[in-house]
Amino acid sequence: MGSERPVEDADASAGGVDWMRLDNAAKIYPVAGPGAVTPVFRLSVTLKDPIRYRQLNDALKRIVERTPYYQVYIRRGVFWYYLERHRDYPTLELLPDRPITSISLHRRREQLIRVLIRDRTIALDVSHVLTDGYGGMVFLGSLLVEYLRRLGHNVEPEQPLLNPTEPPDPEEYDDAYQRMYSRGVRPAVTLAPAYHVPGLAHVNRYRLIVGRMPLAAALAKAKERGATLTEYIVATKIAAIKDVHDEQLRRVITPQPSIIRIEVPVNMRRVYPTRSMRNFSLFVGPELDLSLGDYSFDQIVRRVHHDMQIQLDRNQLLRQISRNVGGERNRLVRVIPRPIKDAYMRHLRRTIGDRSYSGVVSNLGRFIVPKAAEEQIERIGFVLGPNSAYKVGVSVVSLGDELIVTIGSVVADRTVERNVFRRLAADGIPVIVTEA
Numbered sequence: 008m009g010s011e012r013p014v015e016d017a018d019a020s021a022g023g024v025d026w027m028r029l030d031n032a033a034k035i036y037p038v039a040g041p042g043a044v045t046p047v048f049r050l051s052v053t054l055k056d057p058i059r060y061r062q063l064n065d066a067l068k069r070i071v072e073r074t075p076y077y078q079v080y081i082r083r084g085v086f087w088y089y090l091e092r093h094r095d096y097p098t099l100e101l102l103p104d105r106p107i108t109s110i111s112l113h114r115r116r117e118q119l120i121r122v123l124i125r126d127r128t129i130a131l132d133v134s135h136v137l138t139d140g141y142g143g144m145v146f147l148g149s150l151l152v153e154y155l156r157r158l159g160h161n162v163e164p165e166q167p168l169l170n171p172t173e174p175p176d177p178e179e180y181d182d183a184y185q186r187m188y189s190r191g192v193r194p195a196v197t198l199a200p201a202y203h204v205p206g207l208a209h210v211n212r213y214r215l216i217v218g219r220m221p222l223a224a225a226l227a228k229a230k231e232r233g234a235t236l237t238e239y240i241v242a243t244k245i246a247a248i249k250d251v252h253d254e255q256l257r258r259v260i261t262p263q264p265s266i267i268r269i270e271v272p273v274n275m276r277r278v279y280p281t282r283s284m285r286n287f288s289l290f291v292g293p294e295l296d297l298s299l300g301d302y303s304f305d306q307i308v309r310r311v312h313h314d315m316q317i318q319l320d321r322n323q324l325l326r327q328i329s330r331n332v333g334g335e336r337n338r339l340v341r342v343i344p345r346p347i348k349d350a351y352m353r354h355l356r357r358t359i360g361d362r363s364y365s366g367v368v369s370n371l372g373r374f375i376v377p378k379a380a381e382e383q384i385e386r387i388g389f390v391l392g393p394n395s396a397y398k399v400g401v402s403v404v405s406l407g408d409e410l411i412v413t414i415g416s417v418v419a420d421r422t423v424e425r426n427v428f429r430r431l432a433a434d435g436i437p438v439i440v441t442e443a
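Each position in the sequence shown, counted from 1, maps to that position plus 7 in our numbering.
Written as structure tokens, this is what we have:
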């Protein structure tokens, strides 16, 4: 189980991390138990030329040395889980056919990042215990630049990518949630349960449908409807789920609950500037209450836009920090043994997390690489891990003038995916859809 150390004494030394507390967002993930699917996401780049193993392996070692806060195993303490530094390097693995690999939080000496290769593709699978999509993107972008440099390309890391010749900045492994916490802010309220699409979830039968489209066309259509790109994609997913809900009504089935609410991660570095490479995301939840009547797509877009603008207010986001970090700082909570905390946090996950949202839309934004590196990339990918509660998740990323929308599903029915891409096409956006 690793050495037991009181969490309160955890520290990080300059130039490397011996061990760290889990950041505030990561604390919920290890409590699920050995049989549960733990949150993992995948970022991938397919290059124009075949991968050269030796140069990529050397580049990986160099970037791992630059990010010691990712060279860790998860350990169980008396009161909390924590991350402990090791000296092992992830090995390059063969990229399998399945959409994403599993990273266990309950197997000893399990690497929390995995780098997989096949032909011209480099894939990075990351446990959310380590970081969020932004951190994964910076890691993969830094790895790609170092790899291309070793091949002789004239490319240098640009901010926020990491320069392997520089030592780690202590701010990179900072728990930024703790810095943003403000005592006295009223915590966020617990959300009412949300509608979920029907169908039996099979997490081992995870299926991906990928839509590729011109970024300019999608941005123009979002602007035409008075929304950001994220708001537009969220509205499209809500409309797709609403169609499923309405079909149930036509079959004299009364779907419950009546609220469609989408979980949308927010990169808090845009609100509170930090170099943290650990988790630093919160969530907004635009919703539609179908008990209030029918909605046109234009009405859905407007509702999503106003919901998100209100919830993205810094003061509203601070309420989430207050709820999450405030509970962690409670003196009584700190001395409760970890197994009891685990049971309580499993309850919170069911009541506050899984039941509260109908699905997720995660927009990573533009994939961060220098122009010289971008010229070597044929395509990119961003995949969320399977979720048996939400069932259908949407991930979004762009590179150059291409927007990639990936829908992952654990149910047999494909209505939501079909509805999303049909609506985008009906809006005049040329979409090429393939099954991954």
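Where a beta carbon is used, it is the ideal one built from N, C-alpha and C, also for glycine.
Within the model, the alpha-carbon separation for Ile-343 versus Ala-246 is close to 44 Å.
If you look at Pro-221, you'll find it in the beta strand (DSSP E) that goes 214-221. Here Leu-226 has Leu-236 as same chain residues with Cβ atoms under 7 Å from its own Cβ, once five neighbours each way along the sequence are excluded. Judged by beta-carbon spacing, Leu-169 lies within the 8 Å limit of Arg-73, meaning their Cβ atoms are closer than that value. Under the three-state reduction of DSSP output, Met-27 falls in the strand class. Per DSSP, Val-145 lies in no beta strand (DSSP E) segment; the continuous alpha helix (DSSP H) that holds it begins and ends at 140-157. Positions of the beta strand (DSSP E) runs, each at least 3 residues long and wholly inside the stretch 338-421, are given as 366-373, 384-391, 399-406 and 409-416 in order along the chain.
Counting only the Cα atoms, Val-136 lies some 8 Å from Asn-286. Per DSSP, the beta bridge partners of Arg-92 are Val-79. Following the DSSP letters along the chain, one finds Thr-53 inside the beta strand (DSSP E) bounded by residues 47-54. Within the same chain, and ignoring the five residues on either side of His-209 in sequence, the residues whose Cβ sits closer than 7 Å to its Cβ are Val-417. Taking C-beta separations shorter than 6 Å and ignoring five residues to either side along the sequence, the partners of Met-315 in its chain run Glu-238, Val-291 and Pro-293, following chain order.
Taking the Cα of Ile-436 as reference, the smallest distance to any Cα among Arg-421, Ile-411, Gly-334 and Ile-317 is reached at Ile-411. With contacts defined by Cβ atoms closer than 8 Å, Glu-153 and Val-122 do not form a contacting pair.
Cβ-Cβ distances below 6 Å link Val-438 to Gly-218, Met-220, Phe-428, Leu-431 and Ala-432 in the same chain, with the five nearest sequence neighbours on each side left out; the list follows chain order. Look at Glu-100 here: in three-state DSSP terms it is strand. Counting only runs of at least 4 residues, the stretch 162-190 fully encloses the following alpha helix (DSSP H) elements, listed from N- to C-terminal order: 183-187. By alpha-carbon distance to Lys-55, the top candidate from Ala-33, Asp-126 and Tyr-80 is Asp-126.
Assignment of Ile-70 by DSSP, reduced to helix, strand and coil, places it in the helix class. With a 10 Å radius around the Cβ and a threshold of 16 neighbouring Cβ atoms, Ser-298 comes out exposed.
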